[in-house]
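Student:
There are 2 protein chains.
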Amino acid sequence: MKEMEDRILTQGEVLPGHILKVGNFLNQQIDSAFLSRIGEEIASLFAESGVTKVMTIESSGIAIAASVGMAMNVPIIFAKKHKSSNVDGKVLSTTIHSYTHGNDYTAVVGADYLLPGERVLLVDDFLANGNALEGLIRMVEQVGATVVGAACAIEKGFQHGGDKLREKGYRIESLAIVDAMDDDGTISFRR
Amino acid sequence: MKEMEDRILTQGEVLPGHILKVGNFLNQQIDSAFLSRIGEEIASLFAESGVTKVMTIESSGIAIAASVGMAMNVPIIFAKKHKSSNVDGKVLSTTIHSYTHGNDYTAVVGADYLLPGERVLLVDDFLANGNALEGLIRMVEQVGATVVGAACAIEKGFQHGGDKLREKGYRIESLAIVDAMDDDGTISFRR
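So the sequence lines, in the order shown, correspond to chains Y and L. Here our numbering is used: position 59 in the first sequence is 54, and no number is missing along the way. Here our numbering is used: position 142 in the second sequence is 137, and no number is missing along the way.
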């Protein structure tokens, strides 16, 4: 998506430690017309996939997942993050390691919201090492539902999570893939 | 909004401790057409208010805020919750007490995203004691922006946060106001 690349170049900021700051247009503040276009773009990429549900994990992918769900006219489910692995009730859960925070958390979704046979599109804002996405895939597959693919706004190609999942056969669509970020702020996109 | 009341009655669940569980239609799973209608309903309530920005706090109000922002065609900003009060960079912050979790957290938004003179509509899924909303109001007003009002999907009228803010002169619109929940599951709405 050319607009995503353009905004990364003009409004993004490269910080030390391979951090790409996009708070002013993607995950702290978002232009609502741009958010609509993101939803429509992802919906069109997966238009032929028979998606029955859009799924994300709190919290920075929620707005994008909401937009995709509205564009596809399917329900949206939000996995929650818990610090402990003690989770009440009838739930699906999996442990995910956070590379950013250096700890583990438990992702949880009510078992009633994800049923065998569903065709689930996973959505997130960032795809880096792929840990969060792999966790969502485990949750979907453990109930006998199908992951039709994953759509991310921005993939950090140099952290290889997306390619690892593609090698396993998953369809991963990212609206922009950053293959390199230099300390001087130069950003290279995958072609 | 009649549909919100109907869904609370048919799909909501009253749990001990005055908890209203609406995970199957509002904050863990959401019907995307319903989410669109919520956005349009709130947008029409505040259509004459000159709103320049929609603001919420992570994470359960994000989908609703995204839908409202898209219906009003204004940017959406998401305050983040931090455990510590040590927050880097140029930010606006305020301390909020969580009644649910019995602790304090710091709500933070980048100072660049909220400017003097803006007219801000606050959005959340639940309004109970009003602590979160009061925190967002402090953040908006500390920069010299105006709170045009707040819109919530469900207000727990018996916890009085909404009425306290109305008495202070704020316009608070809730799509359903639950004035009583009995242990036998009976729910009474404000008329």
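All C-beta atoms in this analysis are idealised placements derived from N, C-alpha and C, irrespective of residue type, glycine included. A quick note: this is a predicted structure, and the numbers were derived from the prediction, not measured.
Count the other CB atoms, across all protein chains shown, that sit within 10 Å of the CB of Asn19(Y); report buried if there are 16 or more and exposed otherwise.
Tutor: If you number the first sequence from 1, residue 19(Y) lands on position 24. Label assigned to Asn19(Y): buried.
Student: State the beta-bridge partners of Ser62(Y) as determined by DSSP.
Tutor: Your numbering for residue 62(Y) matches position 67 in the first sequence. None, per the DSSP bridge assignment.
Student: Where Ala106(Y) and Met134(Y) are concerned, what is the direct C-alpha to C-alpha distance, given to the nearest angstrom?
Tutor: Sequence index remark: in the first sequence, residue 106(Y) carries index 111 (1-based). Sequence index remark: in the first sequence, residue 134(Y) carries index 139 (1-based). Rounded to whole angstroms, Ala106(Y) and Met134(Y) show a C-alpha spacing of 10 Å.
Student: Return no unless some Cβ of chain Y is closer than 7 Å to the Cβ of Pro111(L).
Tutor: Your numbering for residue 111(L) matches position 116 in the second sequence. No, its Cβ sits nowhere closer than 7 Å to a Cβ of chain Y.
Student: Among Ile149(L), Ser183(L), Gly156(L), Arg161(L), which has the Cα closest to the Cα of Leu170(L)?
Tutor: For the purposes of this step, residue 170(L) is taken as the residue at position 175 of the second sequence. It is Ile149(L) whose Cα lies nearest to the Cα of Leu170(L).
Student: Taking the Cβ atom as the reference point for each residue, do Ile71(L) and Gly64(L) lie within a distance shorter than 7 Å?
Tutor: Locating residue 71(L) in the second sequence gives position 76, counting from the first residue. Locating residue 64(L) in the second sequence gives position 69, counting from the first residue. Yes, Cβ-Cβ distance for Ile71(L) and Gly64(L) is below 7 Å.
Student: Name, in chain order, the residues that DSSP records as bridge partners for Gly91(L).
Tutor: On the second sequence, position 96 is the one that residue 91(L) refers to. A small correction: the amino acid at residue 91(L) is Ile; Gly does not occupy that position in the sequence shown. Tyr100(L), per the DSSP bridge assignment.
Student: Would you verify that the beta carbon of Pro11(L) is, or is not, closer than 7 Å to some beta carbon of chain Y?
Tutor: Numbered from 1 along the second sequence, position 16 holds the residue referred to as residue 11(L). Pro11(L) does not count as touching chain Y.
Student: Using a Cβ-Cβ cut-off of less than 7 Å, list which residues of the stretch 114 to 140 of chain Y approach chain L; keep chain order.
Tutor: So nothing in the stretch comes that close.
Student: In the DSSP assignment, the beta strand (DSSP E) including Glu8(L) goes from what residue to what residue?
Tutor: Position 13 of the second sequence, counted from the first residue, corresponds to residue 8(L). From DSSP, the beta strand (DSSP E) with Glu8(L) extends over 8 to 10.
Student: For Met65(Y) and chain L, any beta-carbon pair shorter than 7 Å?
Tutor: Start at 1 with the first residue of the first sequence, and residue 65(Y) comes out as number 70. So, interface residue.
Student: Ignoring anything shorter than 4 residues, give me the alpha helix (DSSP H) runs that lie fully in the stretch -3 to 62 of chain L, in order along the chain.
Tutor: -3 to 6, 27 to 40
Student: From the DSSP output, in three-state form, read off Gly112(L) for me.
Tutor: As a first step, residue 112(L) must be located in the second sequence, where it is residue number 117. When DSSP states are grouped into helix, strand and coil, Gly112(L) belongs to the coil group.
Student: So Val138(L) and Leu15(L) are in contact, right, with Cβ under 8 Å, and what is the actual spacing, rounded?
Tutor: The count along the second sequence starts at 1 and reaches residue 138(L) at position 143. The count along the second sequence starts at 1 and reaches residue 15(L) at position 20. Not quite, the Cβ-Cβ distance comes to about 34 Å (not below 8 Å), so this is no contact.
Student: Rounded to whole angstroms, what is the Cα-Cα separation between Thr141(L) and Val115(L)?
Tutor: Locating residue 141(L) in the second sequence gives position 146, counting from the first residue. Locating residue 115(L) in the second sequence gives position 120, counting from the first residue. Whole-angstrom Cα-Cα distance: 6 Å.
Student: Within the chosen definition, does the stretch 122 to 129 of chain L reach the stretch 20 to 29 of chain L through at least 3 CB pairs nearer than 8 Å?
Tutor: no
Student: Taking Ala74(Y) and Ala102(Y) to be in contact with their CB atoms under 8 Å, please state how far apart those CB atoms are, rounded to whole angstroms.
Tutor: Walking along the first sequence from the start, residue 74(Y) turns up at place 79. Walking along the first sequence from the start, residue 102(Y) turns up at place 107. About 5 Å; that satisfies the 8 Å criterion.
Student: Per the DSSP calculation, Gly144(L) is bridged to which residue(s)?
Tutor: Looking up residue 144(L) in the second sequence gives position 149. Gly144(L) is bridged to Leu116(L).
Student: The stretch 15 to 37 of chain Y: which residues have C-beta closer than 8 Å to a C-beta of chain L, in chain order?
Tutor: Gly18, Asn19, Asn22, Gln23, Gln24, Ile25, Asp26, Ser27, Ala28, Leu30, Ser31
Student: DSSP three-state call for Ala123(Y): helix, strand or coil?
Tutor: Here the question's residue 123(Y) lines up with position 128 in the first sequence. Ala123(Y): coil per DSSP, three-state reduction.
Student: Below 9 Å on C-beta distance, what does Glu53(Y) contact in chain L?
Tutor: To locate residue 53(Y), count along the first sequence from 1; it is residue 58. In chain order: Glu53, Ser54, Ser55, Ile57.
Student: Rounded to a whole number of angstroms, what is the C-alpha to C-alpha distance between Gly166(Y) and Val143(Y)?
Tutor: As a position in the first sequence, residue 166(Y) is number 171, starting the count at 1. As a position in the first sequence, residue 143(Y) is number 148, starting the count at 1. The question names Gly, yet the displayed sequence has Arg at residue 166(Y). The straight-line gap from Cα to Cα measures roughly 7 Å.
Student: With DSSP run on the structure shown, which of helix, strand or coil describes Gly105(Y)?
Tutor: Residue numbering aside, residue 105(Y) sits at position 110 when the first sequence is read from its first letter. Gly105(Y) falls in the strand class under three-state DSSP.
Student: Indicate the three-state DSSP secondary structure (helix, strand or coil) for Val138(Y) in the structure shown.
Tutor: On the first sequence, position 143 is the one that residue 138(Y) refers to. Correct three-state label for Val138(Y): coil.
Student: Using a Cβ-Cβ distance under 7 Å, would Gly105(L) count as near chain Y?
Tutor: Indexing the second sequence from 1 puts residue 105(L) at position 110. So yes, Gly105(L) belongs to the interface.
Student: Relative to the C-alpha of Asp179(Y), which residue among Pro11(Y), Glu162(Y), Arg185(Y), Lys78(Y) is closest?
Tutor: Numbered from 1 along the first sequence, position 184 holds the residue referred to as residue 179(Y). Comparing Cα-Cα distances from Asp179(Y) to each of Pro11(Y), Glu162(Y), Arg185(Y), Lys78(Y), the minimum goes to Pro11(Y).
Student: Less than 7 Å separating the beta-carbons of Lys48(L) and Glu113(L)?
Tutor: In the second sequence, counting from the first residue as 1, residue 48(L) sits at position 53. In the second sequence, counting from the first residue as 1, residue 113(L) sits at position 118. Yes, they are a contact pair.
Student: From the DSSP output, read off the bridge partner residues of Lys75(L).
Tutor: Within the second sequence, the letter at position 80 stands for residue 75(L). When DSSP reads this structure, Lys75(L) sits in a beta bridge with Val103(L).
Student: Let me make sure I understand the geometry here. Which of Val86(L), Leu30(L), Val9(L) has the alpha-carbon closest to that of Ala61(L)?
Tutor: Stepping through the second sequence from its first residue, residue 61(L) is reached at position 66. Nearest option by C-alpha distance: Leu30(L).
Student: Which residues in the same chain have their Cβ closer than 7 Å to the Cβ of Ser55(L), if we skip the five residues on either side of it in sequence?
Tutor: Stepping through the second sequence from its first residue, residue 55(L) is reached at position 60. Taken in chain order, the residues that qualify are Asn22, Asp120.
Student: Checking the sheet assignment: what are the DSSP bridge partners for Phe153(L)?
Tutor: Stepping through the second sequence from its first residue, residue 153(L) is reached at position 158. In the DSSP assignment, no residue is bridged to Phe153(L).
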